[in-house]
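*Asks:* Read left to right, the sequence shown gives residues 11 to 179 (the numbering used here).
All C-beta atoms, glycine included, are put in the ideal place defined by N, C-alpha and C.
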Amino acid sequence: MKFPTFNNPVWVWDESVCGSNLIVEDNGKVVRTKNPCTMHQSFRAKIALENKGIFEWDIIIEKYCVCSWIGICASENFNYEEFAGSQQTGWVLGSSGSCCHSFRDPVKYCPSFKSDNSKVTVHLDMNKRTCAFIVNGIKYPAVSGWDLPSKLYPVVSLCYPGKFRIQFH
11 MKFPTFNNPV WVWDESVCGS NLIVEDNGKV VRTKNPCTMH QSFRAKIALE NKGIFEWDII
71 IEKYCVCSWI GICASENFNY EEFAGSQQTG WVLGSSGSCC HSFRDPVKYC PSFKSDNSKV
131 TVHLDMNKRT CAFIVNGIKY PAVSGWDLPS KLYPVVSLCY PGKFRIQFH
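(1) Does DSSP put Ser96 in a helix, a strand or coil?
(2) What is the C-beta distance between Trp79 and His111, in whole angstroms, given that I count them as a contact (C-beta under 8 Å)?
(3) Since Tyr170 and Cys77 are thought to touch, with beta carbons under 8 Å apart, how far apart are those beta carbons, to the nearest angstrom?
(4) Apart from the five residues just before and just after Phe141, which ones in its own chain have a Cβ nearer than 8 Å to its Cβ?
(5) Suppose only complete runs of 3+ residues qualify. What are the beta strand (DSSP E) ranges in the region 19-53, listed by chain order?
(6) Restricting to Cα atoms, I'd like to know which of Phe113, Pro116, Gly104, Asn137 is closest to Lys124.
(7) Would you say Thr131 lies against chain B (beta-carbon separation less than 8 Å)?
(8) With respect to the beta strand (DSSP E) encompassing Ala142, which residues constitute its N-terminal and C-terminal limits?
(9) According to DSSP, simplified to helix, strand and coil, what is Asp68?
(10) Roughly how many angstroms separate the alpha carbons of Tyr163 and Cys28, rounded to a whole number?
(11) Note down the Cα distance separating Val166 from Ser122, rounded to an integer number of angstroms.
(12) Considering only residues of the same chain and omitting the five flanking positions on each side of Pro116, which have a CB-CB separation below 6 Å?
Written as structure tokens, this is what we have:
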């Protein structure tokens with residue numbers, strides 16, 4: 011099993027690939043919106059999760075925004091100015107408890123988590139190419155129907171007043 015180390019500098023948000031209304035704070039560990047806006051934009055981490063291994067990380071929603079989204083993306087043809095779940099290369103769980111990918115109708119996955127300090131753990135198994143989530147301590151099964159590629163990145167989509175912290179195991 012591969013587990014990231016907390017002090018590894020690539021386990022932070024990547025300021026070079028993000029929506030124009032999003033900024034990074036706290037040495038790359040926190041992403042937030044900088045101006046009031048109702049459009050969701052995306053931000054991805056620097057680390058590429060490739061080929062084999064099991065990876066886990068937490069997203070702490072320090073400041074909730076309407077429909078917070080957490081998951082994974084591929085970098086090919088990904089538009090950071092848009093919501094990750096509407097794209098062919100984005101796979102996300104929303105605070106409504108539904109999963110989204112590629113403009114498909116959201117699929118109910120778990121109860122909603124619509125409050126500050128909610129914690130979502132992403133469990134990515136690159137050996138099986140599956141993704142599952144732990145929401146506020148409750149583990150859910152792998153999301154069905156996601157055909158994941160061999161190289162992915164942690165991603166979030168948020169709008170004002172959203173503020174998310176990335177934390178690796």
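*Replies:* By the coordinates alone:
(1) If you number the sequence shown from 1, residue 96 lands on position 86. Looking at Ser96 - three-state DSSP - the assignment turns out to be helix.
(2) Position 69 of the sequence shown, counting from 1, holds the residue named residue 79. Position 101 of the sequence shown, counting from 1, holds the residue named residue 111. Incorrect: roughly 11 Å between the Cβ atoms, too far for contact.
(3) In the sequence shown, residue 170 corresponds to position 160, counting from 1. In the sequence shown, residue 77 corresponds to position 67, counting from 1. Between the beta-carbon of Tyr170 and that of Cys77 there is about 12 Å, and that puts the pair past the 8 Å contact cut.
(4) Here residue 141 refers to the residue found at position 131 when the sequence shown is read from its first residue. In the sequence under discussion, the amino acid at residue 141 is Cys, which differs from the Phe named in the question. Closer than 8 Å at the Cβ level, and outside the excluded window around Cys141, lie Gly81, Ile82, Trp101, Val132, His133, Leu134, Asp135, Ala152, Val153, Trp156, Leu158.
(5) With a minimum length of 3 residues, the unbroken runs of beta strand (DSSP E) contained wholly in the region 19-53 fall at 23-28, 32-35, 40-43.
(6) Start at 1 with the first residue of the sequence shown, and residue 124 comes out as number 114. Residue Gly104 is the option with its Cα nearest to Lys124.
(7) Reference to chain B is not applicable here, since this structure consists of a single protein chain.
(8) Taking the first residue of the sequence shown as 1, we reach residue 142 at position 132. Per DSSP, Ala142 belongs to the beta strand (DSSP E) from 140-145.
(9) The residue labelled residue 68 in the question sits at position 58 within the sequence shown. DSSP places Asp68 in strand when its eight states are reduced to three.
(10) Counting from one through the sequence shown, the residue named residue 163 turns up at place 153. Counting from one through the sequence shown, the residue named residue 28 turns up at place 18. Taking the straight line from one Cα to the other gives about 13 Å.
(11) To locate residue 166, count along the sequence shown from 1; it is residue 156. To locate residue 122, count along the sequence shown from 1; it is residue 112. Val166 and Ser122: Cα-Cα distance of roughly 16 Å.
(12) Taking the sequence shown and counting its residues from 1, the one referred to as residue 116 is at position 106. The answer, listed in chain order, is Ser108, Cys110.
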